[in-house]
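As structure tokens, this is what we get:
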């Protein structure tokens, strides 16, 4: 076990001003106090503390006539929210919030509201107390229980439905980080017995976190529905409470996901399906988000892993129950291993940010940084600025100078470009009277360097993994500071300063381009904080490249540091931010939605990857033969359904889609037409996989689409002409672009 003493430990700006160790959960009790669950020496104890809810107000005259109990304090500083109101209980705070809202005629959540109100009592407690979760703990001490269920589907239906009496739970698989594994199996127990034993095991194991893949949308709703059917109280909470649920919405990049948010008292619920979504935003490496696919792509799928198609689990329960039992256990093991890879950064963030672990996972970076500011300003008794509303800030410098295939490419990258600019030039928000922004950013940069050094020096795997996760977490927070500066819902945002940062960034990159060209380098592409370029022959080998970058650093302003980020045998430059790299070991990396779009089927993505690899290896002459082979594979029905199906995400509910069709506001879509007739309660954010049938290449997809689950390898009915035509079009589009590179218009000096 790692003895946890991270860089910056005790820094109140980062970790809060109360270093109470071992807090694994914080909850508000029905009586309105706070329950703290603290793990010491392997045991969890519960203590109770008072909750003193608060809100910020711009003008205490708005309280005139309010008869509830409230304590008022005028805060220091000159910001908008200059009055602090404290209440004896949450009920009084809610009463005051509604009173002010009525008087002002503006809802509490509106940017122009005279009140600043945090609607999460746990967040309020953590902000005011200075406590955070998991202090003096490492990830290995967190008790995590993984859960996965298998279900039955009656033969006359396509999908299991928890409300149908026949569609019982056939297996509840559980495991944890200690090696515990158990499958509650429907061949050995009734469903009611399984549910009761599941509750007993959760209470006995007493996990801090319950994990699953698609836990919110499938496992927990199914468990709760079947428990109600059998009149079993699903008392999974630490004090015997049943799960609570409310509708919630999650923004991940450009996508909105509606989901039922479950809460289990005294525990955190973490869905690895959501963790995978966030992981993919950073890496764009995942082809899909199903458990098996994620496990394979993250390298945690075991060599003896048992696979069962989702629509065959009922058959296996009836005919080969032992196979289904092994499959269920493999599922839950993969949940454990995926979480072990993707959760540690959020665990460390929960030591920093005043949110529960469960909420740290789903809150945006700007909201988390805002909470640090609110915590420190409240501690020092200072007023809070008003939200300023959004305004457009000019972005970073991106450009492309060559398209096609280029050999011997270097990539140099400015370390944390925008944070470095803010520190080097003193560009911070004007409204930050306590200068928290600059202090935090300076500290975080220093702490990250210390963590990287500790990682380098660590001789054992445990400490090395810990310091790697820590320095990665610091990097995430550091790189979020610029986004916070220009975020419309950040209280300390400053759009003028945000624009100044990007302007400095553009100047620095143009300076780098000019210097590199003086050294006879050919610039290929610029991407916000890095440059791909072809060096002169003398600077291509490792030592020559390092000398070139050292000389470049000497020509840049103090505080701006460039590092050599990669050497590549070849690069395919397609369009801005869409390129492929072949490293010196022969590994191919593809970046950008234009080259690896999930909007096209997997067989097309794989074919394009093969074409690019041929071009980067100098073997593009083999492309016609590759095309003919793939066309034959389609004609002979050799491609499995996963290769040809298209998986799309519902952006609207089916009801909203139907309304838009009636009003003539959109065209029909295969995705929504299939969702309508499926009988499943699809929501925005859900995914549907389908393929196209028929004989003509010119069919309309929504009139000729079938669910991927309906495809039969014994009787394949995919539209051969349609899929061949799409492959030919892809070939004709990309082969000309995969020739040796040619220059684009040079805009670097404009």
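Numbering (the numbering used here), first residue to last: 2 to 751.
For glycine and all other residues, C-beta sits at the position ideal for the given N, C-alpha and C.
Look up residue i in the DSSP assignment and say whether it is helix, strand or coil.
i           : result
residue 601 : coil
residue 3   : Confidence at residue 3 is low in this model, with a pLDDT of 45, below 50, so its placement is unreliable and no value can be given for it.
residue 8   : coil
residue 176 : strand
residue 741 : strand
residue 589 : strand
residue 655 : helix
residue 733 : helix
residue 571 : strand
residue 408 : strand
residue 107 : coil
Note the first and the last residue of the continuous alpha helix (DSSP H) segment covering residue i.
i           : result
residue 215 : Where residue 215 is concerned, there is no enclosing alpha helix (DSSP H), given that its DSSP letter is neither H nor E.
residue 513 : 496-519
residue 551 : 543-555
residue 385 : Per DSSP, residue 385 belongs to no alpha helix (DSSP H) and is neither H nor E.
residue 265 : From DSSP, residue 265 is part of no alpha helix (DSSP H); its letter is neither H nor E.
residue 237 : Premise fails: residue 237 is in no alpha helix (DSSP H) and is neither H nor E.
residue 72  : It is not in any alpha helix (DSSP H) - residue 72 instead sits in the beta strand (DSSP E) that spans 72-75.
residue 445 : 437-458
residue 677 : 671-678
When DSSP builds the beta bridges, which residues end up paired with residue i?
i           : result
residue 55  : 87
residue 413 : 532, 565
residue 760 : Lying outside 2 to 751, the shown extent of the chain, residue 760 is not represented and no answer is given.
residue 648 : 690
residue 400 : 527
residue 427 : Answer is none; residue 427 lacks a bridge partner.
residue 50  : 35
residue 117 : 57
residue 132 : BP columns for residue 132 are empty, so no partner.
residue 576 : 579
Is the beta carbon of residue j closer than 8 Å to that of residue i?
i           : j           : result
residue 599 : residue 591 : no
residue 689 : residue 675 : yes
residue 223 : residue 150 : yes
residue 163 : residue 186 : no
residue 614 : residue 582 : no
residue 534 : residue 550 : no
residue 29  : residue 52  : yes
residue 169 : residue 153 : yes
residue 338 : residue 363 : no
residue 411 : residue 623 : no
residue 184 : residue 330 : yes
residue 383 : residue 58  : no
residue 389 : residue 496 : yes
residue 435 : residue 605 : no
residue 685 : residue 659 : no
residue 270 : residue 340 : no
residue 444 : residue 708 : no
residue 335 : residue 292 : yes
residue 619 : residue 405 : no
If residue i sits next to residue j, beta carbons under 8 Å apart, how far is it from one beta carbon to the other, in whole angstroms?
i           : j           : result
residue 8   : residue 448 : 4 Å
residue 470 : residue 345 : 4 Å
residue 366 : residue 481 : 4 Å
residue 512 : residue 557 : 7 Å
residue 353 : residue 133 : 6 Å
residue 425 : residue 527 : Not confirmed; about 20 Å, so no contact.
residue 109 : residue 118 : 4 Å
residue 267 : residue 245 : Not confirmed; about 12 Å, so no contact.
residue 385 : residue 82  : 4 Å
residue 122 : residue 54  : 7 Å
residue 200 : residue 237 : 6 Å
residue 27  : residue 357 : 6 Å
residue 96  : residue 66  : Contact flag wrong, Cβ pair sits at about 13 Å.
Could you spell out where the beta strand (DSSP E) holding residue i opens and where it closes?
i           : result
residue 271 : 269-272
residue 28  : 24-29
residue 336 : From DSSP, residue 336 is part of no beta strand (DSSP E) but of the alpha helix (DSSP H) over 322-343.
residue 579 : 579-584
residue 468 : Here residue 468 belongs to no beta strand (DSSP E); instead the alpha helix (DSSP H) covers 462-486.
residue 629 : Careful: residue 629 lies outside any beta strand (DSSP E), inside the alpha helix (DSSP H) at 624-636.
residue 183 : 182-186
residue 148 : 145-152
residue 313 : No beta strand (DSSP E) contains residue 313, which DSSP labels as neither H nor E.
residue 707 : 706-708
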